[in-house]
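Visitor:
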Amino acid sequence: MDYDHLEPTDGGLKLIGVRNFKPKHIFECGQCFRWDMVNEGRYLGIVRGKVLEVSEEDTGIFLHNVNEEDFRTVFEDYFDLKREYGPIKEELSKDPLLKESVEFGHGIRILNQEPFETLISFIISANNGIPRIKAAVAKIAEKWGTPISYNGRTYHAFPSPLQLSKASEADLRGIGIGFRAKYVARTVRAVYEAECIERESLTRKLTDDEALSLEQSLDRIASLPHKLCHDALQCFEGVGPKVADCIMLFSMGKQEAFPVDVWVKKAMSFFYKAPEMSLPMTREFGQDKFGRLSGFAQQYLFYNARENKVKVE
DNA sequence: ATCCAGGATAGCT
DNA sequence: AGCTATCATGGA
Numbered sequence: 001m002d003y004d005h006l007e008p009t010d011g012g013l014k015l016i017g018v019r020n021f022k023p024k025h026i027f028e029c030g031q032c033f034r035w036d037m038v039n040e041g042r043y044l045g046i047v048r049g050k051v052l053e054v055s056e057e058d059t060g061i062f063l064h065n066v067n068e069e070d071f072r073t074v075f076e077d078y079f080d081l082k083r084e085y086g087p088i089k090e091e092l093s094k095d096p097l098l099k100e101s102v103e104f105g106h107g108i109r110i111l112n113q114e115p116f117e118t119l120i121s122f123i124i125s126a127n128n129g130i131p132r133i134k135a136a137v138a139k140i141a142e143k144w145g146t147p148i149s150y151n152g153r154t155y156h157a158f159p160s161p162l163q164l165s166k167a168s169e170a171d172l173r174g175i176g177i178g179f180r181a182k183y184v185a186r187t188v189r190a191v192y193e194a195e196c197i198e199r200e201s202l203t204r205k206l207t208d209d210e211a212l213s214l215e216q217s218l219d220r221i222a223s224l225p226h227k228l229c230h231d232a233l234q235c236f237e238g239v240g241p242k243v244a245d246c247i248m249l250f251s252m253g254k255q256e257a258f259p260v261d262v263w264v265k266k267a268m269s270f271f272y273k274a275p276e277m278s279l280p281m282t283r284e285f286g287q288d289k290f291g292r293l294s295g296f297a298q299q300y301l302f303y304n305a306r307e308n309k310v311k312v313e
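As structure tokens, then:
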């Protein structure tokens with residue numbers, strides 16, 4: 001546990017004795033796309049159909065618009081608060097090259113996000129920039145997600161597979177995601193059909209084709225061990241090795257994943273003098289070095305490299 | 001204008 | 001299995 005207990009406040013909760021929790025680090029380390037800074041140290045996000053705010057004040061960390069039941073059922077896990085990051089950081093800091101990055105992103109926590117939203121968001125992330133990814137995800141929610149009113153304003157949940165299956169490829173192209181529209185449309189269809197077939201499977205025997213579609217059920221994929229999970233995710237169009245690693249790490253609890261993008265490649269090259277390594281090589285190098293803590297190491301490296309615009313050569 | 005952004009894919013060898 | 005051109009889009 002990385003907090004001691006809760007204290008009810010006006011319309012929210014205060015985390016008492018919270019450790020390793022800095023909103024700026026958590027929401028700006030590139031793992032999520034639905035959180036925005038509303039004030040210094042205060043962020044607003046939409047998670048599983050709820051709008052909430054997180055603020056860091058002199059007196060501690062506050063969760064706004066969250067009651068104790070929401071916290072127990074959703075947000076304790078979402079913020080990964082049952083995990084102690086102290087020992088993780090200590091272990092990773094034994095590596096002098098990583099210590100600097102761990103210190104720079106000392107308040108990072110890896111969120112446990114929704115698999116479907118993470119899948120679609122990271123398909124959009126391919127060869128794209130973070131501000132534009134966020135804009136695209138926001139537009140998808142506005143067009144196809146369920147509206148939520150909060151503080152006199154209207155926000156939108158990320159759509160379910162059923163809701164997003166109403167979007168055509170042309171609709172999605174209108175969002176401004178370019179060539180990724182086809183991937184998103186086809187992947188949404190695959191997830192939606194797998195969900196339907198999963199329900200059907202409770203009442204009757206499936207055909208061979210249906211059994212194959214069932215392999216695309218996100219629940220099932222999430223329950224697979226690392227390697228099989230990584231392979232299964234890549235059966236979705238628009239999902240390659242890096243995006244699969246992100247989905248595993250950010251929404252399926254697979255902390256041994258090591259997503260390698262341009263920034264992590266630069267960071268590995270910068271810190272570990274590993275130039276001229278291909279992406280797959282860099283991935284294996286990282287997993288061998290960091291093992292079950294690969295995902296955490298990757299986030300500290302990514303945040304440091306990107307915020308400080310690490311240049312190699 | 002050219003390059004780049006949390007890459008993936010089809011078509012090569 | 002590993003390499004390459006191509007894929008939209010907008011900002012630097």
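Counted the way the working numbering counts, the first sequence spans residues 1 to 313.
C-beta: ideal position from N, C-alpha, C; glycine also.
Report the rounded CA-to-CA distance for S294 versus Q255, giving the unit in angstroms.
Guide: Residue numbering aside, residue 294 sits at position 294 when the first sequence is read from its first letter. Residue numbering aside, residue 255 sits at position 255 when the first sequence is read from its first letter. Those two C-alpha atoms are separated by around 6 angstroms.
Visitor: Is it the case that the Cβ atoms of I26 and L97 are separated by a distance below 8 angstroms?
Guide: Indexing the first sequence from 1 puts residue 26 at position 26. Indexing the first sequence from 1 puts residue 97 at position 97. Against a cut-off of 8 angstroms, the Cβ pair of L97 and I26 comes out as no contact.
Visitor: Are the segment 260–270 and the segment 279–293 touching by the rule of at least three beta carbon pairs closer than 8 angstroms?
Guide: Judged by Cβ distances under 8 angstroms, the segment 260–270 makes contact with the segment 279–293, as three or more pairs qualify.
Visitor: Return the Cβ separation of Q299 and G105 in integer angstroms, given the expectation that the two are a contact with Cβ distance under 8 angstroms.
Guide: The residue given as residue 299 occupies position 299 in the first sequence. The residue given as residue 105 occupies position 105 in the first sequence. Yes, they are in contact, since the Cβ atoms of Q299 and G105 sit about 7 angstroms apart, within 8 angstroms.
Visitor: Might you give, ordered along the chain, the residues of its own chain that have their beta carbon closer than 6 angstroms to the beta carbon of L164, omitting 5 neighbours on each side?
Guide: Along the first sequence, read from residue 1 onward, the residue named residue 164 stands at position 164. W144 and V188, listed in sequence order.
Visitor: Around the Cβ of D288, are there at least 16 other Cβ atoms within 10 angstroms (buried) or fewer (exposed)?
Guide: For this step, residue 288 is matched to residue 288 along the first sequence. Exposed, by the Cβ-count rule.
Visitor: Can you tell which of E215, M248, Q31 and E103 has the C-alpha that lies nearest to the C-alpha of K227?
Guide: On the first sequence, residue 227 is found 227 positions in, with the first residue counted as 1. Checked all of E215, M248, Q31 and E103; the closest Cα to K227 is M248.
Visitor: Quick one: using the 10 Å Cβ neighbour count with 16 as the cut-off for buried, is K166 buried or exposed?
Guide: The count along the first sequence starts at 1 and reaches residue 166 at position 166. By the neighbour-count rule (16 or more Cβ atoms within 10 Å), K166 is not buried but exposed.
Visitor: On the criterion of 16 or more Cβ atoms from any shown chain inside 10 Å, does N304 qualify as buried, or is it exposed?
Guide: Indexing the first sequence from 1 puts residue 304 at position 304. Buried: at least 16 other Cβ atoms inside 10 Å.
Visitor: Counting along the chain, where does the alpha helix (DSSP H) carrying I325 start and finish?
Guide: Absent from the model: residue 325. The displayed extent of the chain is 1 to 313, so no value can be given.
Visitor: I need the DSSP call for V215, collapsed to helix, strand or coil.
Guide: Stepping through the first sequence from its first residue, residue 215 is reached at position 215. What sits at residue 215 in the sequence shown is Glu, not Val. Coil at E215, not helix or strand.
Visitor: Under a Cβ-count criterion, where at least 16 other Cβ atoms within 10 Å of its own Cβ denotes burial, should R199 be classed as buried or exposed?
Guide: Within the first sequence, residue 199 is the residue found at index 199, counting from 1. Exposed is the call here.
Visitor: Measure the beta-carbon distance from F33 to V137 and round it to whole angstroms, keeping in mind my assumption that it falls under 8 angstroms.
Guide: Start at 1 with the first residue of the first sequence, and residue 33 comes out as number 33. Start at 1 with the first residue of the first sequence, and residue 137 comes out as number 137. 5 angstroms between Cβ atoms; contact.
Visitor: What are the residues that DSSP puts in a beta bridge with I16?
Guide: Translated into positions along the first sequence, residue 16 becomes position 16. DSSP output for I16 lists H5 as bridge partner(s).
Visitor: Given that a residue counts as buried once 16 or more other Cβ atoms are within 10 Å of its Cβ, and exposed if not, what is L119?
Guide: Within the first sequence, numbered from 1, the residue matching residue 119 stands at position 119. Burial call: buried.
Visitor: When we look at the beta-carbon of G129 and count the other beta-carbons within 10 Å, is it buried (16 or more) or exposed?
Guide: Taking the first residue of the first sequence as position 1, residue 129 is located at position 129. So G129 counts as exposed.
Visitor: With DSSP run on the structure shown, which of helix, strand or coil describes H230?
Guide: On the first sequence, residue 230 is found 230 positions in, with the first residue counted as 1. Here H230 sits in helix by DSSP.
Visitor: Measure the CB-CB distance between K242 and V312 and report whether it falls below 8 angstroms.
Guide: Taking the first residue of the first sequence as 1, we reach residue 242 at position 242. Taking the first residue of the first sequence as 1, we reach residue 312 at position 312. No, they are not a contact pair.
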